[in-house]
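Engineer: What follows is a structure written as structure tokens; I'll ask about it next.
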Amino acid sequence: MSQCELMPMPAPSIVLHDGHPATTSLEIAKFFRKRYTDVLRDI
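Quick note, this note's numbering runs 117 ahead of the 1-based positions in the sequence shown.
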């Protein structure tokens, strides 16, 4: 019987900007494996 291990997904890099968490739309697209243009459209 084979075993499968779940690999942890790396989280997008988040920085604090004026005390609020922020990231880029490109990081969000990578994390959710979506096309960058679709992420921009939905923002």
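For glycine and all other residues, C-beta sits at the position ideal for the given N, C-alpha and C.
Give the single residue among V132, G136, P127, L133 whose Cα lies nearest to the Cα of K147.
Structural biologist: Of V132, G136, P127, L133, the residue nearest in Cα terms is P127.
Engineer: Going by beta carbon distance, what residues of the same chain come within less than 8 angstroms of S142, once the five residues before and after it are set aside?
Structural biologist: Closer than 8 angstroms at the Cβ level, and outside the excluded window around S142, lie Y153, V156, L157, I160.
Engineer: Under DSSP, the beta strand (DSSP E) around L133 begins and ends at which residues?
Structural biologist: First-last of the beta strand (DSSP E) with L133: 132-134.
Engineer: With H, G and I counted as helix, E and B as strand and the rest as coil, what does DSSP make of A139?
Structural biologist: Strand, per DSSP.
Engineer: I think A139 touches I131, with their Cβ atoms under 8 angstroms apart; what is that distance to the nearest whole Å?
Structural biologist: Confirmed, about 7 angstroms.
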